[in-house]
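What follows is a short report on a single structure.
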Amino acid sequence: MKKVLILGGDGIGSEIMRETKKVIDFLNQQKIINIETEESLIGGVSIDAHGKPLTEETLKMAKNADAVLLGAVGGPKWDNVGQDIRPEAGLLAIRKGMGVYANLRPATVFPELSDASTLKEEVVSGLDIMIVRELLGGIYFGEPRGIETLPNGEKKAWNTLVYSTHEIERIAKSAFDIAMVRGKKVCSLDKSNVLISTKLWKDTVTEYRNKYYPEVELSHMYVDNASMQLVRNPKQFDVILTTNMFGDILSDCAAMVTGSLGMLPSASLGEKDENGVVKGLFEPVHGSAPDIAGKDLANPLATILSFAMMLKYSFNQSKESDIIVDAIRNVLKSGIRTKDIMQKGKIEVGTKAMGDEVILALQNLV
Ligand code: NAD
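Note that the sequence shown ends on residue 355 in the numbering used here; no numbers are left out.
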């Protein structure tokens, strides 16, 4: 029995999570998985209830769970609360508290949706990239950081981009391991011509590959060039390995190359425990979409796909994970679409109905 903590969060979070829970319940009933779930609050709803975006108690539940499934946090209601208690601070705190340092963001295009991108169909059809982003270090966590007012009244603020060898090696290992079961190609991104910490990044990744992964083809690219290459010819990439901030920016770019924000899952992984479970936090790439919250318009598929990633990467249940992906593919093949991925001649449905369609497709597969 695996224990999963569900944190719906804000905006559309509770709607997309309700549909994902249907999938978990169905697969439990069929005895395909054996997962016990519990629920708690994160983000704005936690600020409303407890005055902070992540309570000690919820963090403890997350640490005790085998994996966490999260919806999304944030919204205009909490835009003016202090920086340290913003909904997004809850996200950083849970990632840090769970020790999940490897963020995996696949940018894949289902053939049925290859015309959803703003790029030409031939540039994106069949796209399958995995972005591996370092999540617990670099400039988002580096010290010193601060802001001060100078004697002349001017303000000065600073952050620190810091990486040490062990942080780079463990994320490099994640990227190389994933590449070994994909196309055996890693492209590591840096800005080593300007930033010395990313020169260390580049050198450490190269040494680690030479020592442990000689089979993997490693290339390096400056991050500015990579941003161009991602829209020029994204299919040249297999696994992209990069730092926290570069990965944050480029994975959004890759997401939009696919054109379907509502379809993209993500995983954040930590160390493997003594039972072979990789502690993980799984969440859709999109945010809380306050503009459509409560309107039965949200696409729940990114969250359902995040759950599929949980089965694959945390619980080593690839076959069970594939059943979910196949069910989603069949739903898309049958022409069912939520509004965000709607195409001419297809059938538009709401959040709930999309969840029901996935269950129907699952019933046909198991
Ligand atoms: P967003 O991803 O919430 O929404 C961007 C656009 O995509 C909106 O038009 C929205 O309606 C649409 N969209 C997003 N998810 C969708 C889905 N599943 N189905 C259909 N349409 C979908 O980004 P935003 O508007 O920049 O941010 C809204 C809030 O979410 C902000 O408070 C932001 O800080 C927060 N946010 C949270 C996360 C997270 O929890 N990981 C990530 C990004 C943004």
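By construction, the Cβ of each residue, glycine as well, lies at the ideal position given by its N, Cα and C atoms.
Values in this document were obtained by computation on a predicted structure and should not be read as measured data.
What is the DSSP secondary structure of GLY364, reduced to helix, strand or coil? Nothing about residue 364 can be reported from this structure: the residues present for the chain run from -10 to 355 only.
Between which two residues does the alpha helix (DSSP H) carrying THR149 extend? Taken as a continuous stretch (DSSP letters only), THR149 belongs to no alpha helix (DSSP H), as it is neither H nor E.
Please state whether DSSP places LEU290 in a helix, a strand or coil. Here LEU290 sits in helix by DSSP.
Going residue by residue through the segment 20 to 100, where are the continuous alpha helix (DSSP H) segments of at least 4 residues, counting only ones entirely within it? Counting only runs of 4 or more residues that sit fully inside the segment 20 to 100, the alpha helix (DSSP H) segments are 33 to 39, 45 to 53 and 76 to 87, in chain order.
So ILE(-5) is in the beta strand (DSSP E); what residue range does that whole segment cover? According to the DSSP assignment, ILE(-5) belongs to the beta strand (DSSP E) that extends over -9 to -2.
Which residues in the same chain as LYS301 place their Cβ atom closer than 6 Å to its Cβ, once the five residues preceding and following it in sequence are excluded? Residues SER307 and SER310 of the same chain have their beta carbon placed closer than 6 Å to that of LYS301, with the five preceding and five following residues left out of the count.
I'd like to confirm something about LEU58: is its beta-carbon nearer than 7 Å to some heavy atom of the ligand NAD, or not? No, the ligand NAD has no heavy atom inside 7 Å of this Cβ.
Could you tell me if ASN233 is buried or exposed, where buried requires 16 or more neighbouring beta carbons within 10 angstroms of its beta carbon? Counting the other Cβ atoms within 10 Å of the Cβ of ASN233 gives 16 or more, which makes it buried.
Close beta carbons around MET210, own chain, < 6 Å, minus the five adjacent residues each side: Excluding positions up to five away in sequence, the list reads CYS176 and LEU178.
Could you round the C-beta distance between VAL89 and LYS268 to whole angstroms and report it? I think they count as a contact, below 8 Å. The Cβ separation is near 7 Å, so the contact holds.
Beta-carbon separation (whole angstroms), ARG94 vs SER249, contact threshold 8 Å: About 13 Å; that fails the 8 Å criterion.
Own chain, CB closer than 6 Å to VAL57, minus 5 neighbours either side, in chain order: Here VAL57 has LEU(-6), ALA51 and LEU270 as same chain residues with Cβ atoms under 6 Å from its own Cβ, once five neighbours each way along the sequence are excluded.
For PRO273, does the count of other Cβ atoms within 10 angstroms reach 16, so buried, or fall short, so exposed? So PRO273 counts as buried.
Cutoff 8 Å; reference GLU110; Cβ partners in own chain excluding five residues on either side: Hits under 8 Å: SER103 and ASP104.
In this structure, how does DSSP classify ILE13 when only helix, strand and coil are distinguished? Three-state DSSP puts ILE13 in a helix.
Thinking SER29 and THR47 are a contact (beta carbons under 8 Å), I'd like their distance in whole angstroms, please. The C-beta distance from SER29 to THR47 rounds to 4 Å, short enough to meet the 8 Å contact threshold.
For the segment 148 to 201, list the alpha helix (DSSP H) runs that are entirely contained and at least 4 residues long, ordered along the chain. Listed in chain order, they are 154 to 169 and 185 to 201.
When you compare only the Cα positions, how much space is there between ILE313 and LEU207? Roughly 32 Å separates the two Cα atoms.
Anyone know if the C-beta pair for ILE325 and VAL12 falls short of 8 Å? No.
Run the proximity test for THR195: is its beta-carbon closer than 7 Å to any non-hydrogen atom belonging to the ligand NAD? The answer is no for THR195.
In terms of residue numbering, what span does the alpha helix (DSSP H) encompassing MET343 cover? Per DSSP, the continuous alpha helix (DSSP H) segment holding MET343 begins and ends at 340 to 354.
Tell me the rounded alpha-carbon separation between THR154 and ILE167. Here the alpha carbon of THR154 sits roughly 20 Å from the alpha carbon of ILE167.
If you scan the segment 195 to 243 from start to end, which runs of the beta strand (DSSP E) of 3 or more residues do you find wholly inside it? Here the runs fully enclosed are 206 to 211 and 228 to 231.
By a C-beta neighbour count over all protein chains shown, 10 Å radius and 16 as the cutoff for buried, is ARG84 buried or exposed? Classification for ARG84: buried.
Any chance the CB of ILE5 is under 7 Å from a heavy atom of the ligand NAD? In this structure, the ligand NAD has a non-hydrogen atom nearer than 7 Å to the beta-carbon of ILE5.
GLY0 beta carbon less than 8 Å from that of ALA282: Yes. Within cutoff.
So the candidates are ARG318, GLY32, ALA342 and ASN319; which of them puts its Cα closest to the Cα of THR327? Minimum Cα distance to THR327 is reached at ALA342.
Quick check on LEU139: buried or exposed, where buried means 16 or more other Cβ atoms within 10 Å of its Cβ? Exposed, because fewer than 16 other Cβ atoms sit within 10 Å of the Cβ of LEU139.
Grouping DSSP H, G and I as helix and E and B as strand, with all else coil, what is ASP311? Of the three classes helix, strand and coil, the one that applies to ASP311 here is helix, per DSSP.
VAL113 in three-state terms, based on DSSP: It is helical.
Indicate, with yes or no, if the ligand NAD has a heavy atom lying under 7 Å from the CB of GLY248. The answer is no for GLY248.
Could you spell out where the beta strand (DSSP E) holding VAL267 opens and where it closes? Per DSSP, the unbroken beta strand (DSSP E) holding VAL267 starts and ends at 267 to 273.
Which stretch, first to last residue, makes up the beta strand (DSSP E) that contains THR138? Judged by DSSP secondary structure, THR138 falls within the beta strand (DSSP E) whose first and last residues are 135 to 138.
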